[in-house]
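Worksheet for the structure shown next.
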Amino acid sequence: MPKVSVIIPAYNAMAYLPETVESVLKQTFTDFEVLIINDGSKDHIEQWATQVTDPRVKLISQPNQGVCVARNTGIAQAQGEYVAFLDADDLWDSTKLEKQVCRLEEKPEVGLVYTWTILVTEKGEPTEVLVASHAEGNVWEQLLVQDMMSNCSSAMVRRSCFETVGGFDQNLSYCADRDMWVRIAARYPFAAVKEPLTLYRRHSSSMSKNQNKTLQELRQVIEKTFQSVPLELLYLRNQTYGWMNLFAAWGSLESDMNYREAMDYRHQAVLHYPQIRYTPIYLRLSLAIAITRWFGPGGYANLRELTRTLRRQLRLATGI
Numbered sequence: 001m002p003k004v005s006v007i008i009p010a011y012n013a014m015a016y017l018p019e020t021v022e023s024v025l026k027q028t029f030t031d032f033e034v035l036i037i038n039d040g041s042k043d044h045i046e047q048w049a050t051q052v053t054d055p056r057v058k059l060i061s062q063p064n065q066g067v068c069v070a071r072n073t074g075i076a077q078a079q080g081e082y083v084a085f086l087d088a089d090d091l092w093d094s095t096k097l098e099k100q101v102c103r104l105e106e107k108p109e110v111g112l113v114y115t116w117t118i119l120v121t122e123k124g125e126p127t128e129v130l131v132a133s134h135a136e137g138n139v140w141e142q143l144l145v146q147d148m149m150s151n152c153s154s155a156m157v158r159r160s161c162f163e164t165v166g167g168f169d170q171n172l173s174y175c176a177d178r179d180m181w182v183r184i185a186a187r188y189p190f191a192a193v194k195e196p197l198t199l200y201r202r203h204s205s206s207m208s209k210n211q212n213k214t215l216q217e218l219r220q221v222i223e224k225t226f227q228s229v230p231l232e233l234l235y236l237r238n239q240t241y242g243w244m245n246l247f248a249a250w251g252s253l254e255s256d257m258n259y260r261e262a263m264d265y266r267h268q269a270v271l272h273y274p275q276i277r278y279t280p281i282y283l284r285l286s287l288a289i290a291i292t293r294w295f296g297p298g299g300y301a302n303l304r305e306l307t308r309t310l311r312r313q314l315r316l317a318t319g320i
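Here it is as structure tokens:
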């Protein structure tokens, strides 16, 4: 039996899928199977799959039922002790599986290991946007308030965890991974590989671009979770909504340059969680809104480029 099962849901994803699979086949850790779940695609995925000669790669086709059903199909078919998820347009560094397996082998109590994520362009070129967290151990409260993983492609999970918490919620699409990680974190410690080994592709058709739908589903996840939390933790609910609105404000500014909508979301963030005004990310957001308001999108774009240049220099200086 393979040690790791890699699950890749795919729906009309042939623009990126071959490169994604190639990033798996280049892993330094080789004891894995790749389960590509063809979720009713109308492209030439089945023809392409017949040309893949590596016996570790398997195509499982089903009628279109959504990404959560596809992931659950993969979990049901998985043979590995560990399960790693990879979206069909994302990429992995060649050492990702090796380093995650090492952490799970070292810490048998851990249920999930995640990595840092670097955002890449539609062409797969790295940006200077790094999603990094040092949270490990009992991360349930932190994960509930802020999603430090940000995407599904960074996670490796013990397959036995799904026997405890169940599969992905098939009523969700955009926030199903957040719901799953919260449920796992309620039962198991987490560990992190503190390196940017997951490459998250941002493009015009990314699910994360649909902000309204994402916020609607995130509210479902928040309310579903807080139905069963102890009374002494209910104060976290307002914090969670505060951070949700703050990140929505950033989304409005980054994707549409809509500073008025960003201001509305920022206001909601403060109403839910007044202390958020004193966080560095709130102050940066307020500066970005002011620059966009007074100098237009070009002014903000220049600020963003300057910020990314400084991040690049810092990464070069620190080796991170």
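Counting in the UniProt record's numbering, the sequence shown runs from 1 upward without gaps.
Every residue, glycine too, gets a C-beta built ideally from N, C-alpha and C.
If the criterion is Cβ atoms closer than 8 Å, does the pair Leu119 and Arg202 meet it? Contact: yes.
8 Å Cβ shell around Arg159 - same chain, five flanking residues per side excluded: Correct list, in chain order: Ser5, Ile75, Ala78, Gly80, Glu81, Tyr82 and Val83.
Could you pull out every unbroken alpha helix (DSSP H) segment of at least 4 residues lying fully inside the stretch 43-70, listed in chain order? Within the stretch 43-70, the runs of alpha helix (DSSP H) that reach at least 4 residues and sit entirely inside it are, in chain order, 45-49.
On a CA-only basis, which of Val182, Val270, Lys58 and Pro126 is nearest Ile37? Give me that one, please. Residue Lys58 holds the alpha-carbon nearest to the alpha-carbon of Ile37 among Val182, Val270, Lys58 and Pro126.
N-terminal and C-terminal residue of the beta strand (DSSP E) that Leu130 is part of: For Leu130, the enclosing beta strand (DSSP E) covers residues Pro126 to Val131.
Determine the burial state of Ser150: buried for a count of at least 16 other Cβ atoms within 10 Å of its Cβ, exposed for fewer. By the 10 Å Cβ count, Ser150 comes out buried.
Below 6 Å CB to CB, which residues in the same chain sit around Phe32 once its five sequence neighbours on both sides are set aside? So the qualifying residues of the chain are Pro2, Val4 and Val6.
Sequence-distant residues of its chain with Cβ nearer than 8 Å to Leu253 (five each side left out): The answer, listed in chain order, is Tyr259, Ala262, Leu285, Ala288, Ile289, Thr292 and Tyr300.
Counting beta carbon pairs with one atom in the stretch 161-168 and one in the stretch 232-247, are three or more of them shorter than 8 Å? The stretch 232-247 is not in contact with the stretch 161-168.
Coarse secondary structure for Gly251, derived from DSSP in three states: In this structure, Gly251 counts as helix in the three-state DSSP scheme.
Using 10 angstroms around the beta-carbon of Tyr278, count the other beta-carbons present and answer buried if the total reaches 16, otherwise exposed. Taking all protein chains in view, the Cβ of Tyr278 is surrounded by fewer than 16 other Cβ atoms within 10 Å, so the residue is classified as exposed.
Proximal residues to Gly111 (C-beta, below 6 Å), its chain only, five neighbours per side dropped: Cβ contact annotation for Gly111 (same chain, cutoff 6 Å, sequence separation greater than five): Arg158, Cys161, Ile184 and Tyr188, in chain order.
Sequence ranges, beta strand (DSSP E) only - wholly within the stretch 188-222, length at least 3: Listed in chain order, they are 190-201.
Have a look at Lys96 and Gly137 and give me their C-alpha separation to the nearest angstrom. Rounded to the nearest angstrom, the two C-alpha atoms are 20 Å apart.
Hey, out of Val145, Tyr282 and Arg266, whose CA is closest to Val221's CA? Among Val145, Tyr282 and Arg266, the Cα nearest to that of Val221 belongs to Val145.
Pairwise C-alpha distance: Leu215 and Arg266: Going by the C-alpha atoms only, they are around 14 Å apart.
Does Thr95 come out as helix, strand or coil in the three-state DSSP assignment? Secondary structure of Thr95 (DSSP, three-state): coil.
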